[in-house]
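Here the structure is laid out as structure tokens; the discussion comes afterwards.
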Amino acid sequence: MTLIEIGGYAGALMAVFSLIQKMISLLSASQKILHQIETLQIDLSQTQADTAALSDQLRQQAYRIDTIEGYLSPVNGQLTDISNTLKEMSQHVLK
0 MTLIEIGGYA
10 GALMAVFSLI
20 QKMISLLSAS
30 QKILHQIETL
40 QIDLSQTQAD
50 TAALSDQLRQ
60 QAYRIDTIEG
70 YLSPVNGQLT
80 DISNTLKEMS
90 QHVLK
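Here you go:
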């Protein structure tokens with residue numbers, strides 16, 4: 000085997016090692032991307048669960064507000080009547 004043949008084989012062997020290193024680097028990068036995707040999926044599912052819980056709380060608060068408004072509407076009507084009566088009385092007194 001001549002020195003030129005040995006140099007050619009050494010060059011080919013270095014090219015193979017270089018390609019293997021590149022493949023390992025690409026596999027590592029794809030593994031990182033897959034891990035990030037998995038993290039995003041976990042975050043998304045947690046966010047959806049939190050959104051559902053928040054939506055339930057919002058519905059409960061809306062029900063409470065509707066209930067309170069239901070109780071207050073007759074009171075508001077009475078306050079309006081009292082206010083109108085006081086205005087009429089003040090008009091008679093101030094004449």
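For the record, in the sequence shown the residue sitting at position 14 is 13 according to numbering that gives the first Met the number 0, with numbers rising by one throughout.
Every residue, glycine too, gets a C-beta built ideally from N, C-alpha and C.
It should be emphasised that the depicted structure is a prediction, and the values quoted were computed from it without experimental measurement.
Which of helix, strand or coil does DSSP assign to residue i?
| i | result |
| --- | --- |
| M0 | coil |
Rounded to the nearest angstrom, what separates residue i and residue j at their Cα positions?
| i | j | result |
| --- | --- | --- |
| Q90 | I81 | 14 Å |
| L12 | S24 | 18 Å |
| L18 | I41 | 35 Å |
| T38 | S44 | 10 Å |
| H34 | Q47 | 20 Å |
| L78 | Q56 | 32 Å |
| G10 | I32 | 33 Å |
| A14 | A28 | 21 Å |
| L26 | Q20 | 10 Å |
| D65 | I36 | 43 Å |
| T1 | Q30 | 43 Å |
*Please list the segments of the beta strand (DSSP E) lying wholly inside the segment 0-36, counting only runs of 3 or more residues, in order along the chain.*
Segments of the beta strand (DSSP E) lying fully in the segment 0-36: there are none.
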